[in-house]
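Counting from 1, position 51 in the sequence shown corresponds to residue 51 in UniProt numbering; the numbering is continuous, with no gaps.
All C-beta atoms in this analysis are idealised placements derived from N, C-alpha and C, irrespective of residue type, glycine included.
Owing to the predicted nature of the structure, the values given are computational and were not obtained by experimental measurement.
I have placed the structure first, in the form of structure tokens, so that the comments after it can refer back to it.
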Amino acid sequence: MKIDDILKEQLKDPKFAQAYYSEKEKSASALALYYAREEAGLSQADLAERANVPQSTIARIERGGNVTFDKLAEIAHAMGKKLKIEFLNQ
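Okay, here's the thing in structure tokens:
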């Protein structure tokens with residue numbers, strides 16, 4: 001059985017689907033921040049200083065920790081970027 005088939009079957013369970021999509025979205029925001037920071041040529045410490053947050057905040061977000069939209073917007077602005085939120089079909 002292929003992994004895609006297993007996942008498709010598991011996603012029929014509402015509890016599994018909710019947890020799966022929640023983690024997937026956290027991972028997507030973590031990667032987005034990581035790539036934006038790298039593209040800007042900033043270390044976590046550099047970005048933290050610009051955004052006026054502890055370096056541990058940047059690290060936690062890049063590990064997939066919970067973060068508010070306000071905090072993400074502040075961090076984006078510190079890199080000279082805007083935060084864009086989209087609702088996509090699953």
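Taking C-beta separations shorter than 6 Å and ignoring five residues to either side along the sequence, the partners of residue 75 in its chain run 51, following chain order.
Distance from the Cα of residue 44 is smallest, within the candidate group 63, 28 and 27, for 63. In the three-state scheme derived from DSSP, where H, G and I count as helix and E and B as strand, residue 7 is classed as helix.
Annotated three-state conformation of residue 63 is coil, per DSSP. Taken through DSSP and simplified to helix, strand or coil, residue 27 comes out as helix. Judged by beta-carbon spacing, residue 73 lies beyond the 8 Å limit of residue 88, meaning their Cβ atoms are not closer than that value.
Cβ neighbours of residue 20 within its own chain (closer than 7 Å, five residues either side excluded): 11.
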